[in-house]
Amino acid sequence: MTVRIFSTTGRLALLLWLAALAGAALALLLARAVPAWTALLLAWLALALPLLWLAFAVLAPLRRLLRALESSVASYRDGDFSFGIAARRKDELGALIDTHNALGAALREQRQSLAQRELLLDTVVQHSPVALLLVDPSGRVTLANLSARQLLGDGRSIIGLDFERLAASLPHALRRALELGEDSLFSLEMEGMEESFHLSQRGFRLHGRPHRLYLLRRMTRELARAEVAVWKKVIRVISHELNNSLAPITSLAHSGAELARRGEVQRLPDVFARIGERARHLHGFIADYAQIAKLPTPRPEPVQWPAFVAALAAHAGFRVPRAVPEALASFDAAQMEQVLLNLIKTRTKPVARRCGGAGGDAQRRVVAHRGARSRPRHERGGAGAGAAAVLFDQAHGQRARPGAGARDRRGARRPRRADQSRGRRLVRARAAAGHDARRRVTACRARG
Numbered sequence: 001m002t003v004r005i006f007s008t009t010g011r012l013a014l015l016l017w018l019a020a021l022a023g024a025a026l027a028l029l030l031a032r033a034v035p036a037w038t039a040l041l042l043a044w045l046a047l048a049l050p051l052l053w054l055a056f057a058v059l060a061p062l063r064r065l066l067r068a069l070e071s072s073v074a075s076y077r078d079g080d081f082s083f084g085i086a087a088r089r090k091d092e093l094g095a096l097i098d099t100h101n102a103l104g105a106a107l108r109e110q111r112q113s114l115a116q117r118e119l120l121l122d123t124v125v126q127h128s129p130v131a132l133l134l135v136d137p138s139g140r141v142t143l144a145n146l147s148a149r150q151l152l153g154d155g156r157s158i159i160g161l162d163f164e165r166l167a168a169s170l171p172h173a174l175r176r177a178l179e180l181g182e183d184s185l186f187s188l189e190m191e192g193m194e195e196s197f198h199l200s201q202r203g204f205r206l207h208g209r210p211h212r213l214y215l216l217r218r219m220t221r222e223l224a225r226a227e228v229a230v231w232k233k234v235i236r237v238i239s240h241e242l243n244n245s246l247a248p249i250t251s252l253a254h255s256g257a258e259l260a261r262r263g264e265v266q267r268l269p270d271v272f273a274r275i276g277e278r279a280r281h282l283h284g285f286i287a288d289y290a291q292i293a294k295l296p297t298p299r300p301e302p303v304q305w306p307a308f309v310a311a312l313a314a315h316a317g318f319r320v321p322r323a324v325p326e327a328l329a330s331f332d333a334a335q336m337e338q339v340l341l342n343l344i345k346t347r348t349k350p351v352a353r354r355c356g357g358a359g360g361d362a363q364r365r366v367v368a369h370r371g372a373r374s375r376p377r378h379e380r381g382g383a384g385a386g387a388a389a390v391l392f393d394q395a396h397g398q399r400a401r402p403g404a405g406a407r408d409r410r411g412a413r414r415p416r417r418a419d420q421s422r423g424r425r426l427v428r429a430r431a432a433a434g435h436d437a438r439r440r441v442t443a444c445r446a447r448g
């Protein structure tokens, strides 16, 4: 190992070498007057104090450096990375000081970068239109942006408040949505206007501790746009149906007038009968839409699946090939029963007509299969040689006559309308709601 003379080790070695040389020279001088051992003792006593002073002088920079390093580490521990050591040395201590200052600069740059990112993230969160609320395991609010303060605290800071007490002071609709523990839609009366909100809540772990995140988003504009789109679609359908019914009526009225002008009155009853048939079809179409519009708000109640399916089977005449799970659901039993009855009747009518014409009969089954949640599945069909599968989508009811669109598709529109009022879709329901309704129609089974 190479030892540099200006390094700390070199200085200590040089000091020891000089001390030994001086002691030997002093002992030789004293040996002429006193015995050898006495000379050695006197030489050691004469050099002890100077050597001690020289040792303190050589180690003083090392002591100052250690104190500076101790203060620097304490500063880093407190989160202050602006501390540095100013020293210019050419030995090992100088290299240590340079490495320590480089470490401090790297930590300082990382802290500044993180501070800038945190500032940007906090600015985005605070000025987001989505109300954000974070609750810690003790039930205290640890984070709330400006939207959350305006919505939940009337502009005041709610950080540190007990979340249960805060929720108790909120409107009933919002409090009920928070108690559900899942995503939901609700409406509040704000400044004389009804505002719709979407509540999303998630649980996650932060620093190893469970937290709860609540997000409240205004949905009034989105729902208004969706409502306008639905109204446009309804108007287009009604306009199409009215044109399909009024055009033949106009044509028949013109034909009746022409027959009356010619004096062929014996054909007028047939014309009037056809006009009356068209008018009845149009009246039925308008009545069906009016019935959908008058659908009341559902009232969810606890329902046992076995009793519900048994009552439904008695009305619709289907069989349950497997045991119905003993599960408890929550929905409006009357509306759900009407939904499924309309669905079964509407979807099986084309199959029944085809089976009747082919000399067969249709099968209808409602299968309740098990899973993480109770999910009913509606199947209809039969099996036979050369049977081809027929899949019906939501627009399967192609109108064979004008004015019958709403009647043919009533089983698809009304179930969807009733189930959407409960916050989910029947045909392909959300996983959180635990429904997955699938419709499958196969060909007819030949009669033996």
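Numbers 1 to 448, taken from full-length UniProt numbering, label the letters of the sequence shown in order.
For every residue, glycine included, the Cβ atom is placed at its ideal position computed from N, Cα and C.
In this text the structure is predicted, and so the values were computed from the model without any measurement.
Starting from residue i and walking both ways along the alpha helix (DSSP H), at which residues does that stretch end?
{"i": "T250", "result": "T220 to R262"}
{"i": "E191", "result": "Careful: E191 lies outside any alpha helix (DSSP H) and carries neither H nor E."}
{"i": "F272", "result": "L268 to A293"}
{"i": "H100", "result": "E92 to Q126"}
{"i": "R175", "result": "H172 to L180"}
{"i": "F163", "result": "F163 to A168"}
Quick check on this structure: which residue in the options has the alpha carbon closest to the alpha carbon of residue i?
{"i": "S251", "options": "E70, A307, R274 and R262", "result": "R274"}
{"i": "S255", "options": "R212, N243 and L268", "result": "L268"}
{"i": "E179", "options": "L199, E264 and G160", "result": "L199"}
{"i": "A55", "options": "L16, F81 and V237", "result": "L16"}
{"i": "L282", "options": "R202, P248 and S128", "result": "P248"}
{"i": "A148", "options": "A87, L213 and E92", "result": "L213"}
{"i": "W305", "options": "Q291, R322 and A290", "result": "R322"}
{"i": "F81", "options": "A316, P300, G104 and R209", "result": "G104"}
{"i": "K90", "options": "P61, F83, G79 and E118", "result": "P61"}
{"i": "P325", "options": "A307, R262 and Y289", "result": "A307"}
{"i": "N342", "options": "V320, G192, A327 and D288", "result": "D288"}
{"i": "L215", "options": "W53, A177 and H207", "result": "A177"}
{"i": "E191", "options": "D154, A293 and E227", "result": "D154"}
{"i": "I238", "options": "L114, A290 and A57", "result": "A290"}
{"i": "L14", "options": "N244, V58 and I235", "result": "V58"}
Which first and last residues belong to the beta strand (DSSP E) in which residue i is found?
{"i": "T142", "result": "V141 to A144"}
{"i": "L328", "result": "L328 to F331"}
{"i": "P321", "result": "Run containing P321: none; DSSP gives neither H nor E here."}
{"i": "V303", "result": "E301 to Q304"}
{"i": "A131", "result": "A131 to V135"}
Are residue i and residue j touching if we call contact CB-CB under 7 Å?
{"i": "Q338", "j": "P298", "result": "no"}
{"i": "A329", "j": "V309", "result": "no"}
{"i": "R217", "j": "V130", "result": "yes"}
{"i": "A19", "j": "L51", "result": "yes"}
{"i": "L93", "j": "L65", "result": "yes"}
{"i": "F331", "j": "P300", "result": "yes"}
{"i": "N145", "j": "Q126", "result": "yes"}
{"i": "L312", "j": "L295", "result": "no"}
{"i": "residue 483", "j": "E241", "result": "No statement about residue 483 is possible, as the shown extent of the chain runs from 1 to 448 and does not include it."}
At a cut-off of 6 Å, would you count residue i as near the ligand COA, judging by its Cβ distance to the nearest heavy atom?
{"i": "V320", "result": "The ligand COA is not part of the structure shown, which contains no ligands of any sort."}
Just to check my reading of the structure: residue i and residue j have Cβ atoms closer than 8 Å, yes? What is that Cβ distance to the nearest angstrom?
{"i": "L174", "j": "L188", "result": "6 Å"}
{"i": "S72", "j": "I85", "result": "6 Å"}
{"i": "S196", "j": "M219", "result": "5 Å"}
{"i": "I344", "j": "A316", "result": "5 Å"}
{"i": "G181", "j": "Q201", "result": "7 Å"}
Should the region 163 to 171 be regarded as contacting the region 85 to 100, the criterion being three or more beta carbon pairs within less than 8 Å? Touching, no, given that fewer than three Cβ pairs across the two stretches are closer than 8 Å.
If we count Cβ pairs, one from each stretch, closer than 8 Å, do we get three or more for the region 213 to 230 versus the region 276 to 285? no
At a cut of 8 Å, does the region 129 to 144 reach the region 107 to 119 through at least three beta carbon pairs? no
Any contact of the region 139 to 146 with the region 159 to 167, i.e. 3+ C-beta pairs under 8 Å? Here the region 139 to 146 makes contact with the region 159 to 167; the two share three or more CB pairs at distances below 8 Å.
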